[in-house]
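Below is one structure, written out as structure tokens; comments come after it.
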Amino acid sequence: GPEADPDPPALQGLPPGRPDRTFYAVISATFGAQYLFYLPLTTLFWKAWGIRTLLFTVGDRWDDPLAAFVLEQTRRLGALVHHVAVPEGIPVAVVAQHVRFYGSWVPGVQPEDVLMTSDADIWPLRPGPYRFNVSRWDMQLIDPFSFSFFRVIETTHATTGAKMKTFKSVHARQRASLKNSTIYPQYAMTNIAMPAHMWKKVLNTSMPRVTAGAVWNAFCGFLGRRPRESELWRTGVLWFMDQFMISVKINDLWFASIRREEQDRTAQALRISFVRRSTRRDRLHPKSDVWCPAQVRNPQTQVCRLVGQCTDAHMPRNAHDHKERGCTMAIMQCALPPAAFAWARNFSAEYFRRLTTASDRAMSAISGLRAGLASNRK
Numbered sequence: 121g122p123e124a125d126p127d128p129p130a131l132q133g134l135p136p137g138r139p140d141r142t143f144y145a146v147i148s149a150t151f152g153a154q155y156l157f158y159l160p161l162t163t164l165f166w167k168a169w170g171i172r173t174l175l176f177t178v179g180d181r182w183d184d185p186l187a188a189f190v191l192e193q194t195r196r197l198g199a200l201v202h203h204v205a206v207p208e209g210i211p212v213a214v215v216a217q218h219v220r221f222y223g224s225w226v227p228g229v230q231p232e233d234v235l236m237t238s239d240a241d242i243w244p245l246r247p248g249p250y251r252f253n254v255s256r257w258d259m260q261l262i263d264p265f266s267f268s269f270f271r272v273i274e275t276t277h278a279t280t281g282a283k284m285k286t287f288k289s290v291h292a293r294q295r296a297s298l299k300n301s302t303i304y305p306q307y308a309m310t311n312i313a314m315p316a317h318m319w320k321k322v323l324n325t326s327m328p329r330v331t332a333g334a335v336w337n338a339f340c341g342f343l344g345r346r347p348r349e350s351e352l353w354r355t356g357v358l359w360f361m362d363q364f365m366i367s368v369k370i371n372d373l374w375f376a377s378i379r380r381e382e383q384d385r386t387a388q389a390l391r392i393s394f395v396r397r398s399t400r401r402d403r404l405h406p407k408s409d410v411w412c413p414a415q416v417r418n419p420q421t422q423v424c425r426l427v428g429q430c431t432d433a434h435m436p437r438n439a440h441d442h443k444e445r446g447c448t449m450a451i452m453q454c455a456l457p458p459a460a461f462a463w464a465r466n467f468s469a470e471y472f473r474r475l476t477t478a479s480d481r482a483m484s485a486i487s488g489l490r491a492g493l494a495s496n497r498k
């Protein structure tokens with residue numbers, strides 16, 4: 121079939137920092153309807169602002185023909201793609217969440233390159249918040265106060281004596297009664313930005329290459345134990361473990377640098393830029409009050425005003441839902457330059473054409489199998 125477009129658009133963005141470094145948006149995805157369709161489009165949105173995408177594909181099924189087409193288009197837009205196979209016994213979801221920390225170890229990433237965590241289904245709509253002055257700051261945290269606080273509860277294993285961690289959310293009204301506890305702000309994964317060499321300093325781990333085993337070992341090492349499966353579920357106490365872990369590591373390093381500066385005036389504490397925002401008011405989200413109308417008849421009047429007011433868009437969990445496609449196309453039309461929107465529209469049409477063809481083939485194979493079974497019974 122035809123490709124999405126023979127020539128992906130060369131967009132003129134706003135490259136942050138110095139021209140001799142690359143700025144990456146680091147995202148990860150498992151195979152499935154939630155992310156597959158979005159990957160080239162998310163890459164296209166970041167490209168519009170001069171930011172390259174570093175994509176971790178996690179788990180199996182990435183040799184599927186539709187996935188191969190998607191990854192081909194994603195690479196043609198300049199994305200650096202790194203696959204992480206996940207062996208049996210290691211939770212795929214944990215690897216997919218945490219692997220975003222380890223872009224510094226991917227071949228091709230240089231120490232001065234800036235890596236910013238993000239999500240595969242979030243589209244940046246304007247460049248302002250992502251401008252990162254690398255000369256002035258060591259790291260930048262966007263929307264650092266979107267969550268509450270949490271405390272780290274350490275216990276000692278009765279047999280091994282190992283230190284183990286668990287976490288408990290703390291609301292602002294409780295902080296006064298927890299003066300002797302170690303309390304941390306819970307930083308959102310969208311978005312944490314710092315140079316690659318700073319990521320290595322914050323994580324303070326040895327990783328010859330990015331593998332599921334290395335990510336899982338770092339996870340368990342920080343936790344001090346292997347978690348129970350139920351703890352890792354969406355409703356489990358460790359579902360936000362990626363946020364807990366990076367928040368602890370950033371703040372521990374920050375506070376240690378402040379103490380060094382107090383003792384030695386020639387030392388310099390970490391310089392952290394906190395960029396405030398309100399996702400309730402400036403994020404397009406299907407489950408919030410700010411989203412597209414049910415039927416988009418005129419994008420210019422119905423959607424473009426919302427796009428102009430928002431920082432980013434968190435896309436629907438099921439990209440194959442026909443009811444949401446009108447909104448998806450409207451957001452692209454309002455936010456992207458004409459050449460980029462034309463590319464996105466062509467890709468979308470080709471994606472769903474291939475998806476329909478694959479579905480038809482699957483249904484035909486099932487029908488043939490059923491007919492064969494019925495024939496054998498006679």
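When we follow this note's numbering, the leftmost residue of the sequence shown carries the number 121, and every step to the right adds one.
Note that beta-carbon positions come from the ideal geometry of N, C-alpha and C, so glycine has one too.
List the endpoints of the continuous beta strand (DSSP E) containing residue i.
{"i": "A149", "result": "143-150"}
{"i": "D432", "result": "432-434"}
Hey, would you say residue i sits closer than 8 Å to residue j, going by beta carbons?
{"i": "A168", "j": "L456", "result": "yes"}
{"i": "C454", "j": "V416", "result": "no"}
{"i": "H291", "j": "S268", "result": "yes"}
{"i": "V395", "j": "I262", "result": "yes"}
{"i": "M419", "j": "A450", "result": "Checking the sequence, you will find Pro at residue 419 rather than Met. Taking 8 Å as the Cβ cut-off, P419 and A450 qualify as a contacting pair."}
{"i": "L197", "j": "L174", "result": "no"}
{"i": "V357", "j": "T302", "result": "no"}
{"i": "T331", "j": "V204", "result": "yes"}
{"i": "L352", "j": "A216", "result": "no"}
{"i": "W336", "j": "I210", "result": "yes"}
{"i": "S224", "j": "W319", "result": "yes"}
{"i": "A316", "j": "V229", "result": "yes"}
Tell me which same chain residues have a C-beta within less than 8 Å of the C-beta of residue i, skipping the five on either side of it?
{"i": "L156", "result": "A149, L186, A187, V190, A439"}
{"i": "S367", "result": "F270, Y304, P305, Q306, Y307"}
{"i": "F461", "result": "M452, Q453"}
{"i": "L404", "result": "L245, V410, W411, C412, L426, V427, C430, D432, A433, H434, I451"}
{"i": "Q363", "result": "F267, Q306, Y307, A308, M309"}
Return the residue from the list the options that minimises the CA-CA distance to residue i.
{"i": "R181", "options": "L164, G152, R196", "result": "G152"}
{"i": "N253", "options": "Y307, T331, I392", "result": "I392"}
{"i": "H442", "options": "A469, T421, A433", "result": "A469"}
{"i": "A145", "options": "V272, T310, A205, Q388", "result": "T310"}
{"i": "P264", "options": "R195, A308, T286, A278", "result": "A308"}
{"i": "T399", "options": "K321, T280, V410", "result": "V410"}
{"i": "F221", "options": "F467, L235, R195, E381", "result": "L235"}
{"i": "P227", "options": "Q193, T448, F176", "result": "F176"}
{"i": "L390", "options": "A414, R397, D402, S377", "result": "S377"}
{"i": "H277", "options": "V229, S238, R346", "result": "R346"}
{"i": "S289", "options": "V272, D402, I370, F143", "result": "V272"}
{"i": "R172", "options": "K321, D402, S238", "result": "S238"}
For residue i, collect the residues of the same chain with a Cβ closer than 6 Å to its Cβ; drop the 5 residues on either side in sequence, then sort them by chain order.
{"i": "M314", "result": "M259"}
{"i": "R141", "result": "E232, D233"}
Among the residues of its own chain, which have a CB less than 7 Å from the CB of residue i, if the five just before and after it don't count?
{"i": "A464", "result": "L161, L164, M452, L456"}
{"i": "Y158", "result": "A240, D241, M435, A439"}
{"i": "T275", "result": "M284"}
{"i": "M365", "result": "F342"}
{"i": "R481", "result": "none"}
Between which two residues does the alpha helix (DSSP H) holding residue i run?
{"i": "P315", "result": "That residue, P315, is in no alpha helix (DSSP H); its beta strand (DSSP E) goes 312-315."}
{"i": "W374", "result": "361-383"}
{"i": "W182", "result": "First-last for W182: undefined, no H or E at that position."}
{"i": "F165", "result": "158-168"}
Tell me residue i's beta-bridge partners as DSSP assigns them.
{"i": "Q260", "result": "A313, S393"}
{"i": "T323", "result": "Checking the sequence, you will find Leu at residue 323 rather than Thr. Per DSSP, none; premise fails for L323."}
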